[in-house]
Structure formats: structure tokens, C-alpha cells
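Residue numbers (my numbering): 244 to 457.
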């Protein structure tokens with residue numbers, strides 16, 4: 244079968260959609276840098292990263308946790324991270340007894356220390372259990388961060404997250420792919436700040452460096 248001009252246009256547009264979303268997110272470079280600096284401070288003070296999401300967001304949570312726990316780049320420091328979505332028994336048990344909205348909040352409440360960080364992932368910003376997990380984390384004094392898509396939904400408008408990065412696309416595949424890029428950048432920059440001599444910035448556990456960006 245020959246490749247027609249229509250097919251070529253379709254392929255070009257598929258890549259263009261991803262490029263537009265990535266470039267739009269890159270305009271939030273200052274917000275991304277501040278979030279990474281805040282996280283590096285927390286890691287320096289013994290904090291751990293707690294990550295959670297549903298479905299594909301759950302696999303992203305596992306991916307992020309293993310990137311920090313077992314860096315693929317030789318010589319990079321392993322930093323403590325846990326993916327709450329990995330514990331199927333706890334997720335299903337809490338969901339059965341208390342409802343799905345409490346699956347992550349319950350675990351955050353039991354796992355978290357004030358020096359920790361919570362990262363919630365929601366493709367459209369409308370996952371109630373992700374929002375509840377971040378709300379619990381905020382109550383406990385954690386640094387809170389979220390990855391969302393579309394218009395960000397309730398997650399982007401909630402005070403529960405110190406930083407929200409929203410991929411401006413309604414295509415779930417594009418959102419997923421840009422989220423992967425975003426957390427790879429996150430991992431890289433956290434290590435840059437972590438490896439700088441002396442504490443990065445003026446943040447201390449229990450607060451963020453400067454005004455929280457939304």
C-alpha cells in the first residue's frame with residue numbers, strides 16, 4: 244500500500260500535537276525549576292517522595308518511584324520514593340471499606356512524615372482520590388505537586404497542590420506522553436539542585452521556597 248499525502252499529513256499532525264503540548268508546558272520552566280528545587284531541599288532533609296495515580300497514572304507513579312530509587316544513570320544518588328498504586332491489597336481493601344476516594348489519602352496518612360513530598364497524577368485533573376491524597380498530604384505539611392491534563396480540572400483549582408503542571412491537551416495519549424517527559428525532566432533537575440554545594444535555595448521542610456506557583 245502506498246503512502247498517500249493524506250497519511251503523511253496525519254502523521255505530521257500527530258507529531259505536531261505532541262510538539263505543541265510540550266512547548267506549552269516548557270513555558271512553565273520557572274514553575275518546574277521551583278518545584279524541583281523544593282523537592283531537592285526535602286530530599287536533603289531526609290524526606291521521601293510519595294507518588295500516586297489511577298490506571299496509566301498508577302504506572303507512571305511506579306515509573307517515577309523506580310527512577311528515584313534505582314537511577315538508570317550510573318553515579319546518580321538513589322533517593323527514597325514509593326508508589327502507593329503498587330499496593331493492590333491496600334488500594335482494594337481501603338476502596339472496599341471506605342470508598343475509592345480514600346485509597347490514597349489513607350495511605351498518605353499512614354506513610355507520610357512532614358518532610359516528605361506527595362506527587363499526584365491525574366490525566367484530566369478530575370480523579371477524586373488523587374485530590375484527596377494531596378489534600379491529606381497538605382494537611383500533614385508535605386510539599387505537594389500534581390501532573391494534570393486538559394484544563395487541569397478541580398485539581399488545578401485546588402489549594403491542595405503547591406505546584407500543578409497541566410498538559411494543555413484533551414488527547415489522553417498526548418497527556419500521557421508529555422507527563423513522561425515532564426517527570427524525566429523533574430528527576431533530572433532534582434538531582435541538579437540536590438548535587439549543588441550547600442542547601443539549594445532558602446526553603447526548609449514544612450514550606451516551599453518562595454511563593455507557591457500554580
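Glycine included, each C-beta is placed from N, C-alpha and C at the ideal position. Just so it is clear, the structure is predicted and the values come from calculations on it, not from any experiment.
Residue 260 and residue 384 have their C-alpha atoms spaced approximately 38 Å apart. The beta carbon of residue 419 sits closer than 6 Å to the beta carbons of 299 from its chain, once the five residues preceding and following it are set aside; these are given in chain order. The Cβ atoms of residue 293 and residue 327 lie closer than 9 Å to each other. Between the beta-carbon of residue 329 and that of residue 346 there is about 12 Å, and that puts the pair past the 8 Å contact cut. Assigned with DSSP and collapsed to three states, residue 321 falls in coil, not helix or strand. For residue 279, same chain residues with a beta-carbon under 7 Å away, outside a window of 5 residues either side, are 429, 432, 433, 436 in chain order. Shown here, residue 355 sits in coil according to DSSP, grouped into three states, outside any helix or strand. Ranking 350, 380, 375, 415 by CA distance to the CA of residue 361 puts 380 first.
Between the alpha carbons of residue 367 and residue 257 lies a distance of about 20 Å.
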